[in-house]
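Colleague: What follows is a structure written as structure tokens; I'll ask about it next.
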Amino acid sequence: MFSRRLTAYFAAFTVAAIAVPGSLWAQDATSIEEADPKVEWPRGSLGDLQFFADAALFRGVQGFALQEFYTVLDARQLQFVPEGNQFVSQVDLSLIIRDAAGQVAGEENWTRNFSVSSLRELKETGGVVRDQIGFSLKAGDYTVLLTVEDIYGDSQGEVDAPLLVEGFEATGFASSGVLFATAVAKARGEGRFVRNGWEVIPRTTRVYQNNEPIRFYHELYNLSPGSSLGAFDVRYFLLSEEGVPVSETVDHRYKKGGESAVLIDSIAATDLDPGRYFLEVQSLDLDNKMQTRRRSLVFLQSEEGIGDGLTEDQKVSLVYYRHIKWVAEEADLNVYGALERLEPRDKFLKVFWKRLDPTPSTVINEKLIEHVRRMRYAHNNFSGGHRQSGYDTDKGRVYVRYGPPSDREYRSAVDSVKPYEVWTYDTQGTYEFVFRDRRGIGVYELVHSTYPGELYNPNWQNEI
């Protein structure tokens, strides 16, 4: 990463952003970077291992550009082998960059290991393997050969594509490439996906639902020294493939904090049809009136039919994913319950499950996998009576919320005493849950517990 100081601007939180008069924007920019169809990214792989690769360009050390590459693949394609109590896969990656003369300008070989505790859960809940790597390159034309190989599965795929690298030193006011994002958050430390204090998880495919905000990250370089104005404007909008504006325009104005800036923003794609679009990013230095413009390819798909093509197991897992009332706090449930449409509800769930992920830097969410496992067990093993799912019974709620008990004690009916069952948990103390079949129909209700906040009724045995 280059050493120049970058000032970050996050449009969702800043109060410095104001409406920008349209008359300030010239029809022709001083610096224009449009997508060249010959060098368009992202790219899909060829071969029997399918993955996607994307690229974004940033300013690097003196005289060089920092060219970053991003990859993503579906982990369900990989072959796993047992290792202890886990199943492990190994992916080897190779990237070779050649200049116009065919000389190697950059080369790297590396390995990623991916482990899961259950192959069935991987199949049901899915998982992705993401990666990122950067190279310092001079401005020029290149070709890229990126190969990904599944070592245990003996399969591989490759992307062979042209690459255009621009220079940032002699061009004056300039814009970086656009890094499309799945999520952006303030970084808590260093990491593979951290840029200038922000963790930016790439949306490598650049595919968004047409009612989902398109999130992105980009940088500006060589802002002129501040004068009486000391500010710059940015503008974003979506274009059709024919170059016709099709979205609302997003305008912001920011005070300069140095000669460079980091910008994190999003734009709505509301009511647009599925298809190929371009995100246009414009910037204007108000002190010297220099302007940049960059167009980047992005794809929209309809949120309708998201469940189409899913297996029955995957559809069931989707139901479990959305059933959070036994694991969420009341405040979260109130927010979730107030969301009426599918798209904002699923956006909420993504954030909710990410927050509960004990290892957010990995591709597997262990908390979600365990939740799906518990839901499935409760559904299959606890009777709920007429039209009540097993996970919505008292037993199901306790099992999903607290997990399997350390011990179970079952007492059958004796004389006038109805059957009951005692679950004991020995984690962080010893607690009991007592369930009784009050009506004698096999549906067990919670009648007593020693766990804080649960039903406490020490005289439950006196009830007939």
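Under this note's numbering, the residue at position 385 of the sequence shown is numbered 1105, and the numbers go up by one with no gaps.
Built from N, CA and C at the ideal position, the CB exists for glycine as well.
Keep in mind that this is a model prediction, so the values were computed, not measured.
1. Starting from N1100, follow the alpha helix (DSSP H) in both directions and report where the run begins and ends.
2. Closest to Y928 by CA distance: which of A890, A894, F952, Q1021 is it?
3. What residue range is occupied by the uninterrupted alpha helix (DSSP H) comprising W830?
4. Could you name the residues of the same chain whose beta carbon sits closer than 8 Å to that of W1180, not counting the 5 residues immediately before and after it, in chain order?
5. Is it the case that the region 771-779 contacts the region 838-848, given that we only count it when at least three CB pairs across the two stretches are under 8 Å?
6. Can you pull the DSSP bridge partners for A775?
7. Contact defined as beta carbons within less than 8 Å: I believe R935 pairs with S986. What is the distance between those atoms, to the nearest angstrom?
8. Shortest alpha-carbon distance to A859 belongs to which of L1006, G783, A773?
9. Name the residue from E1141, I817, A773 whose alpha carbon lies nearest to the alpha carbon of D794.
10. Any idea what DSSP makes of P1124, helix, strand or coil?
11. Which residues in the same chain have their Cβ closer than 8 Å to the Cβ of Y1176, if we skip the five residues on either side of it in sequence?
12. Going straight from the alpha carbon of L1187 to that of D1066, what length do you get?
13. At the level of alpha carbons, what is the spacing between T924 and H1091?
14. Assuming L899 and Q787 make a contact with CB atoms under 8 Å, what is their CB distance in whole Å?
15. Which same chain residues end up closer than 6 Å to A775 when comparing Cβ atoms and leaving out the 5 residues on each side of it in sequence?
16. Rounding to the nearest angstrom, what Cα-Cα distance links T990 and V954 in this structure?
17. When the Cα atoms are used, what is the spatial distance from R996 to V1120?
18. At which residues does the alpha helix (DSSP H) containing Y937 begin and terminate?
19. Report yes if the C-beta distance between P933 and A988 is below 8 Å; otherwise report no.
20. Ignoring anything shorter than 3 residues or poking outside the region 955-1019, list the beta strand (DSSP E) runs there in chain order.
21. For the region 860-871 and the region 799-812, state whether three or more C-beta atom pairs, one from each stretch, are separated by less than 8 Å.
22. Apart from the five residues on each side of it in sequence, which residues of its chain come closer than 6 Å, Cβ to Cβ, to A881?
23. Taking 8 Å as the threshold, find out whether the region 1136-1145 comes into contact with the region 1062-1076 through three or more Cβ pairs.
24. Apart from the five residues on each side of it in sequence, which residues of its chain come closer than 6 Å, Cβ to Cβ, to Y1040?
25. For E968, which option in L999, P994, F893, E939 has the closest C-alpha, if you only look at C-alpha atoms?
26. For E1174, which option in V1055, S838, Y1122, V964 has the closest C-alpha, if you only look at C-alpha atoms?
27. Please tell me whether H1091 has its Cβ less than 8 Å away from any Cβ of chain C.
28. Could you name the residues that DSSP lists as bridge partners for E1152?
29. For K906, which residues in the same chain have their Cβ closer than 8 Å to its Cβ, ignoring the five residues on either side in sequence?
30. So, for L1076: in the same chain, excluding its five sequence neighbours on each side, which residues have a beta-carbon less than 6 Å away from its beta-carbon?
31. DSSP state of K1138, grouped into three classes?
32. At what residues does the alpha helix (DSSP H) containing P1172 begin and finish?
Modeller: The answer reads as follows:
1. By 1-based counting over the sequence shown, the position of residue 1100 is 380. Per DSSP, N1100 belongs to the alpha helix (DSSP H) from 1086-1101.
2. Position 208 of the sequence shown, counted from the start, is the residue given in the question as residue 928. Nearest C-alpha to Y928: Q1021.
3. Residue 830 sits at position 110 when you count from the first residue of the sequence shown. Element bounds for W830: not the alpha helix (DSSP H) but the beta strand (DSSP E), 824-836.
4. Start at 1 with the first residue of the sequence shown, and residue 1180 comes out as number 460. Same-chain partners within the cutoff: V1154, R1156, V1167, H1168.
5. no
6. The sequence position of residue 775 within the sequence shown is 55, counting from 1. Answer is F789.
7. As a position in the sequence shown, residue 935 is number 215, starting the count at 1. As a position in the sequence shown, residue 986 is number 266, starting the count at 1. R935 to S986, Cβ: 5 Å. Contact.
8. As a first step, residue 859 is located in the sequence shown; it is residue number 139 there, counting from the start. Nearest of L1006, G783, A773 to A859, Cα basis: G783.
9. Residue mapping note: residue 794 aligns to position 74 of the sequence shown, counting from 1. D794 has its Cα closest to that of A773, out of E1141, I817, A773.
10. On the sequence shown, position 404 is the one that residue 1124 refers to. Here P1124 sits in coil by DSSP.
11. The residue you call residue 1176 lines up with position 456 of the sequence shown. For Y1176, where only same-chain residues beyond five positions count, the Cβ hits under 8 Å are H1168, S1169, T1170.
12. Since the displayed the chain opens at 721 and closes at 1184, residue 1187 lies outside it and no answer follows.
13. Stepping through the sequence shown from its first residue, residue 924 is reached at position 204. Stepping through the sequence shown from its first residue, residue 1091 is reached at position 371. Approximately 28 Å between the Cα atoms of the pair.
14. Residue mapping note: residue 899 aligns to position 179 of the sequence shown, counting from 1. Residue mapping note: residue 787 aligns to position 67 of the sequence shown, counting from 1. Contact doesn't hold; Cβ gap of about 12 Å is too wide.
15. Working through the sequence shown from its first residue, we reach residue 775 at position 55. Once the five neighbours on either side are set aside, the close Cβ partners of A775 are W761, F789.
16. Numbered from its first residue, the sequence shown carries residue 990 at position 270. Numbered from its first residue, the sequence shown carries residue 954 at position 234. Near 21 Å, if we compare the C-alpha coordinates of V954 and T990.
17. Here residue 996 refers to the residue found at position 276 of the sequence shown. Here residue 1120 refers to the residue found at position 400 of the sequence shown. Roughly 42 Å separates the two Cα atoms.
18. Reading the sequence shown from its first residue, position 217 is the one you call residue 937. First-last for Y937: 934-941, but that is the beta strand (DSSP E), not the alpha helix (DSSP H).
19. For the purposes of this step, residue 933 is identified with residue 213 of the sequence shown, where counting begins at 1. For the purposes of this step, residue 988 is identified with residue 268 of the sequence shown, where counting begins at 1. Taking 8 Å as the Cβ cut-off, P933 and A988 qualify as a contacting pair.
20. Listed in chain order, the beta strand (DSSP E) elements of length 3 or more contained wholly in the region 955-1019 are 970-975, 981-987, 995-1005.
21. yes
22. Counting from one through the sequence shown, the residue named residue 881 turns up at place 161. Result list for A881: R763, V864, in chain order.
23. no
24. Taking the sequence shown and counting its residues from 1, one reaches residue 1040 at position 320. Only V1092, M1095 meet the Cβ criterion.
25. Here residue 968 refers to the residue found at position 248 when the sequence shown is read from its first residue. E968 has its Cα closest to that of L999, out of L999, P994, F893, E939.
26. For the purposes of this step, residue 1174 is taken as the residue at position 454 of the sequence shown. Of V1055, S838, Y1122, V964, the residue nearest in Cα terms is Y1122.
27. No chain C appears in this structure, which consists of one protein chain only.
28. Position 432 of the sequence shown, counted from the start, is the residue given in the question as residue 1152. In the DSSP output, where bridge partners are listed per residue, E1152 has T1144.
29. Translated into positions along the sequence shown, residue 906 becomes position 186. Cβ within range, chain order: G917, W918, E919.
30. Here residue 1076 refers to the residue found at position 356 of the sequence shown. Only K1087 meet the Cβ criterion.
31. Translated into positions along the sequence shown, residue 1138 becomes position 418. Looking at K1138 - three-state DSSP - the assignment turns out to be coil, as it is neither helix nor strand.
32. Translated into positions along the sequence shown, residue 1172 becomes position 452. Neither: P1172 is in no alpha helix (DSSP H) and is coded neither H nor E.
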